[in-house]
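In numbering that gives the first Met the number 0, the protein residues as written are 0 to 257.
The next block holds one structure in the form of structure tokens; read it before the comments.
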Amino acid sequence: MGLIAYLMITSFYVVSSALKDQNPEQNSLTETSKTDEDAGGWCGLPFHPTCFEIFKKVSLLRLRSIDVQGFWSWRLLDDVNRFFEELPRELALTNGQGGMWHHEPGCEYLAANSVKVPGLPALLKAAETGSASKCIFPVPKDGKASDRDPFANFLAEIQFMIIDYLPAKDIASLRLCTRAVRQLPSILFRRLLLEEMPWMWEVKDMDVAKVDWHSFYFTVKFCRPDLKVLRNRKRVWKDVDEIVRRIEQLRSRGKIGS
């Protein structure tokens, strides 16, 4: 069954154990079976251990703390059943739901461990054996910028400062408009990785100087079908991110204490 969190209205306790079955009475949790939450008694909140690990990472990223009390308050204050009914789901998950789970070929990743991703450690280790390339794109022979190009008047440092505020799509569009930013620093793609794929939290711990970030970015994003199981981590991350966003919203309205 995974983890069970024993939660009191005024305080919070976590007891982690591998429960043998789902009957609370078999696990000394008789208080959870018929408890009125409004009466201030004990009640249970079950969740998958891997999902909670991702909740901790999202909470630290957005709230600067593991906001378990906010998580519990969200459960009490928000319409949780409606939340999960209205939450956008991947097509693979929607197609599989019903009276009994319907297994579809190609959707096996839904059962993958979203924290320990097979093949990812080897990919990260291989990426750190190289070095960051300074010149990513070849310079054209007639690569001189036009005198009418406003970006040509900026120092390279200012150009990079501007680019550092842009998402990948806007950077690609800018490179079509001006030759002044034909070259891009390799470290830029580390930033794009962290912003576009925050569920790749391992990237933060990689040696910055030993990674060809441009190559690694495209490897992870486009060229590794064996990392399809990362889709399950992405799926869980997006769901948890929406929960944390709602915790932020409830706190901004004064419904959850700081």
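Even glycine gets a Cβ: it sits at the ideal position worked out from N, Cα and C.
Q.
Within the continuous alpha helix (DSSP H) that includes N112, where are the two ends?
A. Here residue 112 refers to the residue found at position 113 of the sequence shown. It is not in any alpha helix (DSSP H) - N112 carries neither H nor E in the DSSP assignment.
Q) By Cβ distance below 8 Å, which residues in the same chain neighbour L226 in space, the five residues on each side in sequence not counted? A) Walking along the sequence shown from the start, residue 226 turns up at place 227. Closer than 8 Å at the Cβ level, and outside the excluded window around L226, lie V116, G118, L119, L122 and V219.
Q.
Is P149 near the ligand NAP - that is, is its Cβ less than 8 Å away from at least one heavy atom of it?
A. Ligands displayed in this structure: none; no statement on the ligand NAP is therefore possible.
(Q) I need the straight-line Cα distance from V57 to D240, nearest angstrom please. (A) Position 58 of the sequence shown, counted from the first residue, corresponds to residue 57. Position 241 of the sequence shown, counted from the first residue, corresponds to residue 240. Roughly 6 Å separates the two Cα atoms.
Q: Would you identify the three-state DSSP class for P45, choosing helix, strand or coil?
A: Locating residue 45 in the sequence shown gives position 46, where the first residue counts as 1. P45 falls in the strand class under three-state DSSP.
Q.
Are the CB atoms of L62 and V228 within a distance shorter than 9 Å?
A. Translated into the one-based positions of the sequence shown, residue 228 becomes position 229. Translated into the one-based positions of the sequence shown, residue 62 becomes position 63. For V228 and L62, no; Cβs fall outside 9 Å.
Q) Between the C-alpha atoms of E89 and M160, what's the straight-line distance to the nearest angstrom? A) Taking the sequence shown and counting its residues from 1, one reaches residue 89 at position 90. Taking the sequence shown and counting its residues from 1, one reaches residue 160 at position 161. Answer to the nearest angstrom: the Cα atoms are 36 Å apart.
Q) Is there contact here, the segment 91-106 with the segment 185-194, by at least three beta-carbon pairs under 8 Å? A) In short, these stretches do not touch, since the Cβ pair count stays below three.
Q.
How far does the alpha helix (DSSP H) with R252 in it extend, from its first residue to its last?
A. As a working note, residue 252 is residue 253 in the sequence shown. That residue, R252, is in no alpha helix (DSSP H); it is neither H nor E in DSSP.
Q) Ends of the alpha helix (DSSP H) at V219? A) Walking along the sequence shown from the start, residue 219 turns up at place 220. Counting along the chain, the alpha helix (DSSP H) containing V219 begins and ends at W212 to F221.
Q: In the DSSP assignment, find the alpha helix (DSSP H) that holds M99 and state where it starts and stops.
A: If you number the sequence shown from 1, residue 99 lands on position 100. Looking at the DSSP string, M99 is not in any alpha helix (DSSP H), and its letter there is neither H nor E.
Q. Would DSSP call V243 helix, strand or coil?
A. Start at 1 with the first residue of the sequence shown, and residue 243 comes out as number 244. It is helical.
**Q.** Burial state of Q248 (16 or more Cβ within 10 Å)
**A.** Counting from one through the sequence shown, the residue named residue 248 turns up at place 249. Q248 should be labelled exposed.
Q.
Can you give me the C-alpha to C-alpha distance between P149 and R174, rounded to a whole angstrom?
A. As a position in the sequence shown, residue 149 is number 150, starting the count at 1. As a position in the sequence shown, residue 174 is number 175, starting the count at 1. Each residue's alpha carbon lies about 13 Å from the other.
Q. Whole-angstrom Cβ separation of A126 and M205, contact assumed at under 8 Å?
A. Here residue 126 refers to the residue found at position 127 of the sequence shown. Here residue 205 refers to the residue found at position 206 of the sequence shown. Contact holds; Cβ gap of about 7 Å.
Q.
Report the CB separation of P197 from L59 in whole angstroms; it is logged as a contact under 8 Å.
A. Start at 1 with the first residue of the sequence shown, and residue 197 comes out as number 198. Start at 1 with the first residue of the sequence shown, and residue 59 comes out as number 60. The pair is not a contact, with the Cβ atoms about 11 Å apart (cut-off 8 Å).
**Q.** R181 and A151 closer than 9 Å at C-beta
**A.** If you number the sequence shown from 1, residue 181 lands on position 182. If you number the sequence shown from 1, residue 151 lands on position 152. Their beta carbons are not under 9 Å apart, which means R181 does not touch A151 by this criterion.
Q: Using three-state DSSP, classify M160 as helix, strand or coil.
A: Along the sequence shown, read from residue 1 onward, the residue named residue 160 stands at position 161. DSSP, read as helix, strand or coil, puts M160 in helix.
Q: Look up S72 in the DSSP assignment and say whether it is helix, strand or coil.
A: Within the sequence shown, residue 72 is the residue found at index 73, counting from 1. DSSP, read as helix, strand or coil, puts S72 in helix.
**Q.** CA-to-CA distance, F46 to D66, given in whole angstroms
**A.** Along the sequence shown, read from residue 1 onward, the residue named residue 66 stands at position 67. Along the sequence shown, read from residue 1 onward, the residue named residue 46 stands at position 47. C-alpha separation (whole angstroms): 15 Å.
Q) Going by C-alpha distance, which of Y164, T128 and C176 is nearest R147? A) The sequence position of residue 147 within the sequence shown is 148, counting from 1. Minimum Cα distance to R147 is reached at C176.
Q: Give me the Cα-Cα distance between T128 and E194, rounded to the nearest whole angstrom.
A: Here the question's residue 128 lines up with position 129 in the sequence shown. Here the question's residue 194 lines up with position 195 in the sequence shown. Approximately 24 Å, taken between the alpha carbons.
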